[in-house]
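As numbered in the UniProt record's numbering, residues 1 to 640 make up the sequence shown, in order.
Just so it is clear, CB atoms sit at the ideal spot from N, CA and C, and this is done for glycine as well.
All values reported here derive from a predicted model rather than from experimental measurement.
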Amino acid sequence: MAEVAQHETHGFQTEVKQLLHLMIHSLYSNKEIFLRELVSNAADAADKLRFRALENDSLYENDGDLNVRLSVDSEAGTLTVADNGIGMTRDEVIANLGTIAKSGTKDFFSKLSGDAARDSQLIGQFGVGFYSAFIVADKVTVRTRAAGADASEGVEWISDGEGEFTVAEINKPTRGTEIVLHIREDEKEFLDKWRLRSIIGKYSDHISIPVQMWKEEVPERDGPDGEKIAAEPGQWEVVNKATALWTREKSEISDDEYKEFYKHISHDFADPLSWAHNRVEGKTEYTSLLYIPSKAPFDMWNRDQKHGLKLYVQRVFIMDDAEQFMPTYLRFVKGLLDSNDLPLNVSREILQDNKITQALRQGCTKRVLQMLERMAKNDAEQYQSFWNEFGNVLKEGPAEDYSNREKIAGLLRFASTHTDSDAQTVSLADYIERMKEGQDKIYYVTADSYQAARTSPHLEIFRKKGIEVLLMGERIDEWLMSHLTEFNEKSFQSIAKGDLDLGDLDDEETKKAKEEAEKQVEGILERAKEALGDKVIDVKFTHRLTDSPACIVADENGMSTQMVKLMQAAGQPVPEAKYHFELNPEHQLIKQLADTQDEGLFKQWVGVLFDQAALSEQGSLKDPSSFVRNLNSLLMSLAK
């Protein structure tokens, strides 16, 4: 190796410092994962070279035997993990080894508690990759050269993980990357070759790239019968199966192997919740291995975050995060797709409008929905765990995937008036099974929160009659219900929109009592409409209330208050929304209001009741000071 040029010193990104400190102090119970991470990265580098070489064979530099090699120097106390993959340029070294470019970093660190056991799980969800080397090493040296670059363009990176790293240009005759770990005094077990072999067997058997270790020379020796056994020269020996896991028969693969492969492709510490491995033959031939994680990543709601499957064509790695094969509402799914029908030189642009892509997308989507259906049917507790992590993402499905809308609807879960907490546990099938005789609609209410939904005045008549209502307090719920019109031939009905018609659930005695109550306050509707003017669409009587004097209700085909908020939050222009003002003729306040002869006082009371109803429905008022003035004025008049 030629002389090393002068080293430049750089500071780690703040988040890297935090992550390094946490890994060194929190992952003490699972230190061996550092080797899984480094071997996984090395295998990815080999995959990327293979793909790039499809268009430029010279990148192989007359060495097409891709591999990962582990070597130990006991005297120096070092472990080296080397690959002959794609390598890195100087700029890539600084970017990849000095910063965390992953979105969600800030949110990740805000959730850390200081508890080592809990934080190690959070770190696992975030992914650690290269930085895991510092779990067992007090110094790490990286030497790398990008494939196709000149030998003089090698780069050396050195750090003790404390806050700074140095970078220098070196001469590196071979492409690829070698990572030299200077093992800590109390971690010398990772210099034991048998220990390393067992770790490779545990975590990296499934990797299709050969992982090799040096087998020492065996001198000539005497056999049991006195004959001479020839010496065996030292050589590199493959210590993993080096067969792509997804190409093997399912019956030959253990659950532990499936779990470790998931951790390889996702860099997650936790086991997956479920997986599906399928080989399809027919018009399209492909193999898919799809996983549902047990925990949501921190950047799941980042619209710019890449997602998708690893794409292989005829066992050749093509690209990470191929989003074309998985709809956005299933973006939490991890895994891979290996197609025999796509061309090796396929690009993201070609994939967009490719008929084969569409068939593969439909097939993968179907597999995931089937996996979730089986989970929901066979293990309610496991499915609830999935729903708590990914439910709000799945709610995007009916709007995005019309052809699977009924299947997705069957997987949705909600809170309801028949449950005691905000846990979303009620399926639509559960609801229909509990429907009262004569009920032909699925009733629901949307609000800013579960608590707001549970205390909505629109629920009053439903509570009185014991009719179950789905309580929707998530921001996505209004969007969901605008694309979900029916399930199992039962239509959905918002209890806060349009006229309330309970149909066969209303008896004749109740109807007569309503008519009698309306007669007692006859004339109040016209007076209230005149008092409110163009602030409302109309003023009418309602029998959806039992305890409240009034409420506002959106027009049947109009925009609900929640949809208005949703569009405003998204920066969309929203026309001024007007509502129906409904009065409860059986309420004492309405009866007293009907007897009020002073039109000025009547107008004040109507204004206060309208603002109260708007506040209850919307959570805020356009002119709260006017409401306060009117209310204070009325209170003062009552005090006289």
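TODO: Report, in whole angstroms, the separation of the C-beta atoms of L79 and V68, which I expect to be a contact under 8 angstroms.
DONE: In the sequence shown, residue 79 corresponds to position 79, counting from 1. In the sequence shown, residue 68 corresponds to position 68, counting from 1. The pair is not a contact, with the Cβ atoms about 13 angstroms apart (cut-off 8 angstroms).
Margin query: I'd like the list of long-range same chain contacts for R463, defined as Cβ closer than 7 angstroms, with 5 residues on each side in sequence excluded.
Written below: Here residue 463 corresponds to residue number 463 of the sequence shown, with the count starting at 1. Same-chain partners within the cutoff: T417.
How many Å lie between E349 and A53 at the Cα? Here residue 349 refers to the residue found at position 349 when the sequence shown is read from its first residue. Here residue 53 refers to the residue found at position 53 when the sequence shown is read from its first residue. For E349 and A53, the distance between alpha carbons rounds to 19 angstroms.
Where does L54 sit, in a helix, a strand or coil, going by DSSP? As a first step, residue 54 must be located in the sequence shown, where it is residue number 54. Reduced to three states, the DSSP call for L54 is coil.
What is the C-beta distance between E32 and I199, in whole angstroms, given that I count them as a contact (C-beta under 8 angstroms)?
Along the sequence shown, read from residue 1 onward, the residue named residue 32 stands at position 32. Along the sequence shown, read from residue 1 onward, the residue named residue 199 stands at position 199. Yes, E32 and I199 are in contact; Cβ-Cβ is about 5 angstroms, under 8 angstroms.
Do A613 and I552 have their C-beta atoms closer together than 9 angstroms?
Here residue 613 is taken as the residue at index 613 of the sequence shown, counted from 1. Here residue 552 is taken as the residue at index 552 of the sequence shown, counted from 1. Yes. Within cutoff.
Name, in chain order, the residues that DSSP records as bridge partners for W275. As a position in the sequence shown, residue 275 is number 275, starting the count at 1. Per DSSP, Y291.
request  = Write down the C-beta distance between S482 and M563 rounded to the nearest angstrom, noting that I regard them as a contact closer than 8 angstroms.
outcome  = Position 482 of the sequence shown, counting from 1, holds the residue named residue 482. Position 563 of the sequence shown, counting from 1, holds the residue named residue 563. 7 angstroms between Cβ atoms; contact.
- In chain order, what residues of the same chain have a beta carbon less than 8 angstroms from the beta carbon of F51, not counting five sequence neighbours either side? Walking along the sequence shown from the start, residue 51 turns up at place 51. The residues are V316, F317, I318 and M319.
Which of helix, strand or coil DSSP assigns to T328
Indexing the sequence shown from 1 puts residue 328 at position 328. DSSP places T328 in helix when its eight states are reduced to three.
For M636, is the classification buried or exposed, using 16 other Cβ atoms within 10 angstroms of its Cβ as the cut-off for buried?
-> Numbered from 1 along the sequence shown, position 636 holds the residue referred to as residue 636. Exposed, by the Cβ-count rule.
Compute the Euclidean distance between the alpha carbons of Q588 and I292, then round it to the nearest angstrom.
For the purposes of this step, residue 588 is taken as the residue at position 588 of the sequence shown. For the purposes of this step, residue 292 is taken as the residue at position 292 of the sequence shown. Taking the straight line joining both Cα atoms gives about 55 angstroms.
| How many angstroms separate the CA atom of H264 from the CA atom of N41? | Locating residue 264 in the sequence shown gives position 264, where the first residue counts as 1. Locating residue 41 in the sequence shown gives position 41, where the first residue counts as 1. Spanning the alpha carbons of H264 and N41 requires a straight line of approximately 9 angstroms.
Could you have a look at K139 and say whether DSSP puts it in helix, strand or coil?
By 1-based counting over the sequence shown, the position of residue 139 is 139. Looking at K139 - three-state DSSP - the assignment turns out to be strand.
Give the single residue among D83, L59 and S74 whose Cα lies nearest to the Cα of D44. Working through the sequence shown from its first residue, we reach residue 44 at position 44. That would be D83, whose Cα lies nearest to the Cα of D44.
**Prompt:** Hey, G473 and A453 are a contact pair by Cβ (cut 8 angstroms); roughly how many whole angstroms apart?
**Reply:** Within the sequence shown, residue 473 is the residue found at index 473, counting from 1. Within the sequence shown, residue 453 is the residue found at index 453, counting from 1. The Cβ separation is near 5 angstroms, so the contact holds.
*Start-end ranges of the beta strand (DSSP E) lying completely within the stretch 323 to 390, minimum 3 residues*: 334 to 339
Open item on the list: Can you look up V426 in the DSSP assignment and give me helix, strand or coil?
Closed with: The residue given as residue 426 occupies position 426 in the sequence shown. In the structure shown, V426 sits in a strand (DSSP, three-state: E or B).
Problem set entry | the ligand ZN heavy atom lying under 8 angstroms from the CB of K465 | For the structure depicted, the ligand ZN is absent and the ligand set is empty, with no information on it obtainable.
* Asked: Nearest-angstrom Cα distance between A137 and R36?
  -> What you label residue 137 is simply residue 137 of the sequence shown in a count that begins at 1. What you label residue 36 is simply residue 36 of the sequence shown in a count that begins at 1. Approximately 15 angstroms, taken between the alpha carbons.
(Q) Beta-carbon within less than 6 angstroms of P233's beta-carbon, same chain only, minus the 5 sequence neighbours each way: which residues are those? (A) Within the sequence shown, numbered from 1, the residue matching residue 233 stands at position 233. Counting only Cβ-Cβ distances below 6 angstroms, and skipping sequence neighbours, we find E217.
Q: Grab me the residues of A2's own chain with a C-beta within less than 8 angstroms of its C-beta, minus the 5 sequence neighbours each way, in chain order.
A: Residue numbering aside, residue 2 sits at position 2 when the sequence shown is read from its first letter. Note that A2 scores 42 on pLDDT, short of 50, meaning its location in the model is unreliable; the coordinates nonetheless yield the value given after this. Excluding sequence neighbours, A2 sits near S152, I170 and N171.
message: For H10, tell me which candidate among I158, S58 and D57 has the shortest Cα-Cα distance.
response: If you number the sequence shown from 1, residue 10 lands on position 10. Answer by Cα proximity: I158.
- Task: From the DSSP output, in three-state form, read off A613 for me.
- Result: As a working mapping, residue 613 is identified with position 613 in the sequence shown. A613: helix per DSSP, three-state reduction.
**Item:** Selection from R544, G176, F34 and F165 that minimises the alpha carbon distance to E61
**Value:** Mapped onto the sequence shown, residue 61 falls at position 61. With distances taken between Cα atoms, E61 lies closest to G176.
- Task: Within the same chain, show all residues whose beta-carbon is closer than 6 angstroms to that of A517, passing over the 5 residues directly before and after it, in chain order.
- Result: Start at 1 with the first residue of the sequence shown, and residue 517 comes out as number 517. The answer, listed in chain order, is P585 and E586.
Can you tell me the Cα-Cα spacing of S385 and S494, whole angstroms?
Position 385 of the sequence shown, counted from the start, is the residue given in the question as residue 385. Position 494 of the sequence shown, counted from the start, is the residue given in the question as residue 494. Using only the alpha carbons, I get a separation of about 28 angstroms.
query = Under the rule that 16 or more other beta-carbon atoms within 10 Å means buried, what is A231, buried or exposed?
reply = Start at 1 with the first residue of the sequence shown, and residue 231 comes out as number 231. Counting Cβ neighbours within 10 Å, A231 comes out exposed, since fewer than 16 surround it.
On the three-state DSSP scale, how would you describe W605? Here residue 605 refers to the residue found at position 605 when the sequence shown is read from its first residue. DSSP, read as helix, strand or coil, puts W605 in helix.
| field | Given D271 as reference, the closest of T284, F390, K283 and D255 once Cα atoms are compared | value | By one-based count along the sequence shown, residue 271 stands at place 271. Checked all of T284, F390, K283 and D255; the closest Cα to D271 is D255.
Exercise for review: Determine, using beta carbons only, whether G148 and L59 come nearer to each other than 9 angstroms.
Suggested key: Position 148 of the sequence shown, counted from the start, is the residue given in the question as residue 148. Position 59 of the sequence shown, counted from the start, is the residue given in the question as residue 59. Against a cut-off of 9 angstroms, the Cβ pair of L59 and G148 comes out as a contact.
Exercise. Cα separation between K193 and W387?
Worked result: Locating residue 193 in the sequence shown gives position 193, counting from the first residue. Locating residue 387 in the sequence shown gives position 387, counting from the first residue. The straight-line gap from Cα to Cα measures roughly 44 angstroms.
- Item | Start-to-end residues for the beta strand (DSSP E) that takes in L411 | Here residue 411 refers to the residue found at position 411 when the sequence shown is read from its first residue. Element bounds for L411: not the beta strand (DSSP E) but the alpha helix (DSSP H), R405 to L411.
- Message: Looking at the secondary structure, which residues open and close the alpha helix (DSSP H) in which W479 lies?
- Response: In the sequence shown, the residue the question calls residue 479 occupies position 479. Unbroken alpha helix (DSSP H) run through W479: R475 to M481.
Beta carbon of E281, beta carbon of K202: below 9 angstroms? Residue mapping note: residue 281 aligns to position 281 of the sequence shown, counting from 1. Residue mapping note: residue 202 aligns to position 202 of the sequence shown, counting from 1. It is not a contact, given that the beta carbons lie outside the stated cut-off.
For V574: DSSP bridge partner residues: Here residue 574 refers to the residue found at position 574 of the sequence shown. Answer by DSSP bridge pairing: none, since V574 is not bridged.
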